[in-house]
Amino acid sequence: MSNRAINPTGVSYAQAHLVEAPTRWLFVSGQIPVDETDQVPTGFEDQCRLVWRNIEKQLLAGGMTLQDLVKVTVFLSDHRYRAANYKVRHEVLGGHSPALTIIIAGIYDEAWLLEIEAIAAA
Numbered sequence: 057m058s059n060r061a062i063n064p065t066g067v068s069y070a071q072a073h074l075v076e077a078p079t080r081w082l083f084v085s086g087q088i089p090v091d092e093t094d095q096v097p098t099g100f101e102d103q104c105r106l107v108w109r110n111i112e113k114q115l116l117a118g119g120m121t122l123q124d125l126v127k128v129t130v131f132l133s134d135h136r137y138r139a140a141n142y143k144v145r146h147e148v149l150g151g152h153s154p155a156l157t158i159i160i161a162g163i164y165d166e167a168w169l170l171e172i173e174a175i176a177a178a
């Protein structure tokens, strides 16, 4: 299967992501910054890393990896988290460039500073 970024920006996202003839799709519900013991870290970067770990767990359960991500939607609770979100996303994804949308929105639980949903194809 061909799976490639179109017009990648160099900062862990692309303007588009082409998927040709996938055999499997995985739609990951919004992942939240809650760990296995129902705890929520207090700082944004810790929450963001935890959300990405939760996404990776769902991908692995579906037989996929972060490299199979083709679309990511990030919901931030506040505009001030943009830079930290970029930093962590780039650490996690490196040179991988899925299509990306970032939305500033009210989040379901006030303790959560972000939520991320994703689509993967393989």
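The sequence shown: position 23 = 79 (this note's numbering), numbered continuously. Just so it is clear, CB atoms sit at the ideal spot from N, CA and C, and this is done for glycine as well. These numbers come from a predicted model, not from an experiment.
query: What do you get for residue 134, buried or exposed, if any count of 16 or more other CB atoms within 10 angstroms of its CB means buried?; result: exposed
query: Given this structure, state the Cα-to-Cα distance separating residue 68 from residue 154, to the nearest angstrom.; result: 7 angstroms
query: Using 8 angstroms as the cut-off, can you tell me whether the region 145 to 165 makes contact with the region 125 to 134, which would need three or more C-beta pairs spanning the two stretches below that distance?; result: yes
query: Report the three-state DSSP secondary structure of residue 146 (helix, strand or coil).; result: helix
query: Which of the three DSSP states is assigned to residue 92 in this structure?; result: coil
query: Whose CA, out of 110, 85 and 84, lies closest to the CA of residue 96?; result: 110
query: Are the beta-carbon atoms belonging to residue 101 and residue 61 less than 8 angstroms from one another?; result: no
query: From the DSSP output, which residues share a beta bridge with residue 101?; result: In the DSSP output, where bridge partners are listed per residue, residue 101 has none listed.
query: Enumerated in chain order, which unbroken segments of the alpha helix (DSSP H) with a length of 4 residues or greater are wholly contained in the region 110 to 161?; result: 138 to 149
query: According to the neighbour-count rule (16 or more other Cβ atoms, all chains shown, within 10 Å of its Cβ), is residue 115 buried or exposed?; result: buried
query: Check this for me: beta carbons of residue 148 and residue 125, under 8 angstroms apart or not?; result: no
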